[in-house]
Amino acid sequence: MNRKTILTCAITGAGDTASKNPNVPVTPKQIADDCIAAAKAGASVAHIHVRDPETGGISHSTEHFREVMDRVRSADTDIVMNITAGGGGDWIPDANDPTRGGPGTDIQTPAERHAPIQELLPELCTLDCGSLNFGDMVYINTADWLREHARLVQAAGVKPELECFDLGHVWFARQLQQEGLLDDDLLFQLCLGIPWGAEADTETMLTMKNKLPTNSNWAAFGIGRMQIPMVAQAVLLGGHARVGLEDNLYLSKGVMATNAQLVEKSSGIIENLGSSVMTPAETRAFLKLRDPSTGKTAGDVAALETAGGVA
152 MNRKTILTCA
162 ITGAGDTASK
172 NPNVPVTPKQ
182 IADDCIAAAK
192 AGASVAHIHV
202 RDPETGGISH
212 STEHFREVMD
222 RVRSADTDIV
232 MNITAGGGGD
242 WIPDANDPTR
252 GGPGTDIQTP
262 AERHAPIQEL
272 LPELCTLDCG
282 SLNFGDMVYI
292 NTADWLREHA
302 RLVQAAGVKP
312 ELECFDLGHV
322 WFARQLQQEG
332 LLDDDLLFQL
342 CLGIPWGAEA
352 DTETMLTMKN
362 KLPTNSNWAA
372 FGIGRMQIPM
382 VAQAVLLGGH
392 ARVGLEDNLY
402 LSKGVMATNA
412 QLVEKSSGII
422 ENLGSSVMTP
432 AETRAFLKLR
442 DPSTGKTAGD
452 VAALETAGGV
462 A
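According to my numbering, the stretch in the sequence shown is residues 152 to 462, in order.
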């Protein structure tokens, strides 16, 4: 078990959840406010999607991401920012012509997915590691798309969080590492419980963990009612954890949650298990992330100090 645990709050996803829980943030201001509230509740990292402020649906707008980032960065509460780069992979075959995407299809090129990352340079961004039957749609990430996307993220100097929804995704992440498309000190997110990927249970989490490259850092989450049990299980197996309204709408049976409440509940579980939640500053140092206030990583600072320079 880790002495210190990184706790990520996934603030809002892209699914039709805002109509099910009024606490799901939609506008850039609401998303930023929830990032700040999650930070005050003890979260180390905020993972964000953005939505169309008018419809609540999917948005890939760099300007929406920029507004969230600017609002969070100008606040007096620190948190590590993790922007999704996994949008634009939804494929639903047209009922009359399955060679074409039907209603609900949302496809972007790797360059389009990467645009907000390149422009805003968050500390972290997600990099999905394979395709999946995601409920009733197909989530498309072909191998060559992912190679291209990994090159873009690597060139930008942003640390990728490798999202693995099934065991084969871990295999492909190892392949990207062997090809030199991922730098050392890999960070994995094991995404459990999404139909029809890896199940949210101890056996599956442990199997995926055991397939990770040596010295990798990893976190895991479950969706719905398995969110909180997977927090405890990840911590006990030496991993980090993720909660938030992207993955689960309830604090307890029948009780709608806020992001801050889910962070508070999970922080208590982590502490009761004998660990503690990393601060954002500790998280940046542990993962060797860029400090947004200086543009330097912990490794850059250490190298300067060793050479007698000024950090």
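Don't be surprised by glycine CBs; every beta carbon is placed ideally from N, CA and C.
All values derive from a computational prediction rather than experimental measurement.
DSSP places P261 in the uninterrupted alpha helix (DSSP H) bounded by 261-271. Per the C-alpha coordinates, the member of M220, S367, S403, P249 positioned closest to V289 is P249.
As the crow flies, the alpha-carbon of A165 is around 20 Å from that of H300.
Cβ atoms of M429 and S195 come within 8 Å of each other, at about 5 Å. Annotated three-state conformation of I258 is strand, per DSSP. Take the alpha-carbon of E433 and the one of I420: they are about 20 Å apart. Here N361 carries a helix assignment [DSSP, helix/strand/coil].
Around the beta carbon of V219, 16 or more other beta carbons sit within 10 angstroms, so the residue counts as buried. DSSP places V386 inside the alpha helix (DSSP H), whose first and last residues are 378-387. Ranked by Cα distance from N292, the first of V177, L272, E314 is E314. The Cβ atoms of R441 and E274 sit closer than 8 Å to each other.
By the neighbour-count criterion, in which a residue is buried when 16 or more other Cβ atoms sit within 10 angstroms of its Cβ, I268 is buried. Taking a 10 Å sphere around the C-beta of Q329, we find fewer than 16 other C-beta atoms and assign the residue as exposed. Distance between A411 and A197, taken at the CA atoms: about 11 Å.
The shortest C-alpha to C-alpha distance from F437 to any of L337, N423, L341, G395 is the one to L337. Inclusion of L343 and K171 in the CB contact set at 8 Å is not warranted, their separation being larger than that value. By the neighbour-count definition (other C-beta atoms within 10 Å, threshold 16), S225 is an exposed residue. The Cβ-Cβ distance between A370 and F316 does not fall below 8 Å.
A contact is defined here as three or more CB-CB pairs under 8 Å, and the region 177-194 fails this definition with respect to the region 374-391.
One Cα belongs to G286, the other to I379, and the distance between them is close to 21 Å. Burial state of M152 is exposed, judged by a 10 Å Cβ sphere holding fewer than 16 other Cβ atoms. Under DSSP, G373 shares a beta bridge with L343. With fewer than 16 other CB atoms across the displayed protein chains lying within 10 angstroms of its CB, L357 is exposed.
In this structure, the CA atom of V304 is about 9 Å from the CA atom of L332. Classified as buried, K310 has 16 or more neighbouring CB atoms from the shown chains inside 10 Å of its CB. Classified as buried, D398 has 16 or more neighbouring CB atoms from the shown chains inside 10 Å of its CB.
Per DSSP, reduced to three states, the secondary structure at R393 is strand. For R202, the three-state secondary structure derived from DSSP is strand.
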